[in-house]
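Position one of the sequence shown corresponds to residue 141 (this note's numbering), numbered consecutively onward.
Glycine included, every Cβ here is placed at the ideal spot set by N, Cα and C.
Treat the numbers as computed from the prediction; the structure is a model and nothing was measured.
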Amino acid sequence: MREDGLRDLVQHSPWLIRALGVVRDSGLPDAWIGAGAIRDLVWGERYGDGFDPSSVRDVVVVFHDPTDLSRDNDDRAPRRLVAAWPNPPWEAKNQAAAHTWYPAKFGGGPVAPLRTVADAVATWPEYATAVAVRLDAHDQITVSAPHGLDDLLDGVWRRNPARVSAEISRRRLSRHRPTERWPGVRVVM
Numbered sequence: 141m142r143e144d145g146l147r148d149l150v151q152h153s154p155w156l157i158r159a160l161g162v163v164r165d166s167g168l169p170d171a172w173i174g175a176g177a178i179r180d181l182v183w184g185e186r187y188g189d190g191f192d193p194s195s196v197r198d199v200v201v202v203f204h205d206p207t208d209l210s211r212d213n214d215d216r217a218p219r220r221l222v223a224a225w226p227n228p229p230w231e232a233k234n235q236a237a238a239h240t241w242y243p244a245k246f247g248g249g250p251v252a253p254l255r256t257v258a259d260a261v262a263t264w265p266e267y268a269t270a271v272a273v274r275l276d277a278h279d280q281i282t283v284s285a286p287h288g289l290d291d292l293l294d295g296v297w298r299r300n301p302a303r304v305s306a307e308i309s310r311r312r313l314s315r316h317r318p319t320e321r322w323p324g325v326r327v328v329m
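Written out as structure tokens, the structure is:
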């Protein structure tokens, strides 16, 4: 099972396990870590020189709180995480409120409210980054991968057309340089 392969990589990263524990214990509702931090772990271990937490640009924490769609709720979330562990570059967003800020930040037309974290993860820019994990109360790792884990585990950078245009994808590809950072990763445009 592909999820077991991802769980194994996560379990063998003390840094990520600590980050997951901080997120779990933060009190943020339905909170997960996803996107680049997960990709960096997997591709660093499978296609690079190993995972280096100091190279993680941001630790994307997504949570779902339909009871408070305010900007203040988003602003408080990373402060809670920093208070518990100041080291990682935390970024936290309430996915229940994404429809209130997404078009202004990323362009495009209105987006429908997201009902779950999995709905949000399904829209992330590449299939390999459309993955999130969390640590439950029993220290078990749960995986959310609406598009599956093939691209992440097989080292494929492929645009997720759900919300990302080909132009934005090319800009992201130029900025992230995946084939330089992780030899063996393939780009599929």
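Residue(s) in a DSSP beta bridge with residue i
i           : result
residue 150 : Looking at the DSSP assignment, residue 150 forms no beta bridge with any residue, so it has no partner.
residue 203 : 234
residue 327 : 297
residue 190 : None; residue 190 has no bridge partner.
residue 172 : 202
Contacting residues, own chain, Cβ-Cβ under 8 Å from residue i (five flanking each side not counted)
i           : result
residue 196 : 176, 177, 180, 228, 229
residue 289 : 142, 143, 145, 146, 271, 283
Nearest neighbour of residue i, chosen from the options [CA to CA]
i           : options            : result
residue 148 : 282, 325, 299      : 282
residue 256 : 284, 241, 242, 279 : 284
residue 258 : 184, 241, 171, 185 : 171
residue 297 : 265, 272, 208      : 265
residue 201 : 187, 189, 161, 208 : 161
residue 325 : 292, 304, 207      : 292
residue 318 : 165, 155, 188      : 188
residue 199 : 327, 262, 159      : 159
residue 313 : 327, 157, 263, 260 : 327
residue 220 : 186, 163, 206      : 163
residue 173 : 269, 226, 209, 208 : 269
residue 203 : 307, 321, 223, 168 : 168
residue 157 : 225, 209, 210, 260 : 225
residue 260 : 310, 205, 210      : 205
residue 311 : 329, 207, 166, 287 : 329
residue 299 : 267, 315, 222, 165 : 267
Contacting residues, own chain, Cβ-Cβ under 7 Å from residue i (five flanking each side not counted)
i           : result
residue 153 : 181, 191
residue 243 : 249, 250, 251
residue 155 : 193
residue 302 : 262, 263
residue 218 : 230, 231, 232
Contacting residues, own chain, Cβ-Cβ under 6 Å from residue i (five flanking each side not counted)
i           : result
residue 184 : 190, 191
residue 304 : 265
residue 253 : 239
Unbroken alpha helix (DSSP H) runs of length 4 or more, entirely within the segment 249-299: which are they? Listed in chain order, they are 257-261, 290-294.
Evaluate contact between the segment 231-246 and the segment 206-218, counting only Cβ atoms and requiring at least three cross-stretch pairs below 8 Å. Result yes; three or more Cβ-Cβ pairs closer than 8 Å.
Would you call the segment 143-160 in contact with the segment 244-255, where contact means no fewer than 3 C-beta pairs closer than 8 Å? Between the segment 143-160 and the segment 244-255 there are fewer than three inter-stretch CB-CB distances shorter than 8 Å, so the stretches are not counted as touching.
Counting beta carbon pairs with one atom in the segment 265-278 and one in the segment 236-245, are three or more of them shorter than 8 Å? By the Cβ criterion, the segment 236-245 is not in contact with the segment 265-278, since fewer than three pairs of Cβ atoms, one from each stretch, lie closer than 8 Å.
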